[in-house]
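A.B. asks:
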Amino acid sequence: MILKNNYNQVMDHLEVTEEMQDSILYAISKYDFDLSEQSEPQKKTFRMPKHTLSVVTAVCCIGLFIFGSVLIYNQSSRNDQTEIASEDSALESAPSSDVYASRAALSESVGFEVENIQTVPFEVKSRQYTSGEAGQAMIEFFGAENTLTFIKEERFYEFGDGENSAAVTETIKVNGVTVSLSGEENQIYLAEWQNDGFNYRLQFDQPISESALIEVINSIQ
1 MILKNNYNQV MDHLEVTEEM QDSILYAISK YDFDLSEQSE PQKKTFRMPK HTLSVVTAVC
61 CIGLFIFGSV LIYNQSSRND QTEIASEDSA LESAPSSDVY ASRAALSESV GFEVENIQTV
121 PFEVKSRQYT SGEAGQAMIE FFGAENTLTF IKEERFYEFG DGENSAAVTE TIKVNGVTVS
181 LSGEENQIYL AEWQNDGFNY RLQFDQPISE SALIEVINSI Q
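Position one of the sequence shown corresponds to residue 1 (the numbering used here), numbered consecutively onward.
#1: Pull up the DSSP beta-bridge partners for Phe191, would you.
#2: From Asn218, Ala101, Ile172, Met138, pick the residue whose C-alpha is nearest to that of Pro121; which is it?
#3: Can you say whether Val99 is buried or exposed, counting buried as having 16 or more other CB atoms within 10 angstroms of its CB?
#4: Run through the region 89-131 for me and flag every whole beta strand (DSSP E) of 3 or more residues, listed as ranges in chain order.
#5: In its own chain, which residues sit with a C-beta less than 7 Å from the C-beta of Val177, not counting the 5 before and 5 after it?
#6: Counting Cβ pairs, one atom from each stretch, are 3 or more of them under 8 Å apart for the region 147-156 and the region 131-139?
#7: Whole angstroms are fine: how far does the CA of Ser182 sit from the CA of Ala167?
#8: Out of curiosity, what's the CA-to-CA distance linking Val124 and Ala144?
#9: Gly143 bridges to which residues according to DSSP?
#10: Can you tell me which residues form a DSSP beta bridge with Glu215?
#11: Enumerate in chain order the residues of its own chain whose CB-to-CB distance from Thr171 is below 8 Å, with the five nearest sequence positions on each side excluded.
#12: Tell me whether Ser36 sits in a helix, a strand or coil according to DSSP, three-state version.
#13: Can you list, in chain order, the residues of its chain with a C-beta nearer than 6 Å to that of Lys97? Leave out the 5 residues immediately preceding and following it.
#14: Between which two residues does the beta strand (DSSP E) harbouring Ile172 extend?
#15: Suppose you measure from the CA of Val174 to the CA of Arg201; what does that come to, to the nearest Å?
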């Protein structure tokens, strides 16, 4: 109570002059009441030394390089495996064949006599003796401008329906045997016939005349 009375007495005798009021207002006008920046703690910025930053950058680059190399290697390995699998599949699906040094060796392998062709309508550079699927013998005559393939096999089918046959355009008689020809305008590239339980086929890369073909057939022995 005593303090309150003293406070009241002091306030009763306290007088604020115009100079004091102007000074107070001036001081208030100069005071910054925006305490948001003052209350916010000062942010600290951490600066990494230049040499440390270089090391970190190099490590990151090496890491990215290794990661990219691993991805490329894995993709390449998958592609190689796919190619190998495709090649293996192609090899499995391809018909098996064996090459022989002579016509006699080919005949022994297939189990029947394979005739020879005495007359070939071009200069022969080389020959190849091959057995294909079961019961098939093949002799290829290679020349500079043409190739003749002679096939003898035990399989039977209608001419024009075989896997290597073409549409029959003409039939002729040679030594009493009916021969089916494929070609056009006296240019024959395929001849097929049956005799003594075997199928025979003559196939040319470049077509020949009918008369030349008959000479080839007559020379088979």
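Even for Gly, the Cβ is constructed at its ideal location relative to N, Cα and C.
C.D. replies: Reading it off the structure:
#1: Looking at the sequence shown, residue 191 is not Phe but Ala. Its beta-bridge partners are Leu181, Leu202.
#2: Asn218
#3: exposed
#4: 98-100, 124-131
#5: Trp193, Asn195
#6: yes
#7: 6 Å
#8: 8 Å
#9: Val124
#10: In DSSP, Glu215 forms no bridge with anything.
#11: Thr178, Val179, Ser180, Leu181
#12: Reliability of the predicted coordinates at Ser36 is poor, the pLDDT of 49 falling under 50, and the value obtained from them is presented with this limitation in mind. Reduced to three states, the DSSP call for Ser36 is helix.
#13: The sequence as given places Ser at residue 97; Lys does not occur at that position. The answer, listed in chain order, is Thr130, Gly132.
#14: 170-174
#15: 14 Å
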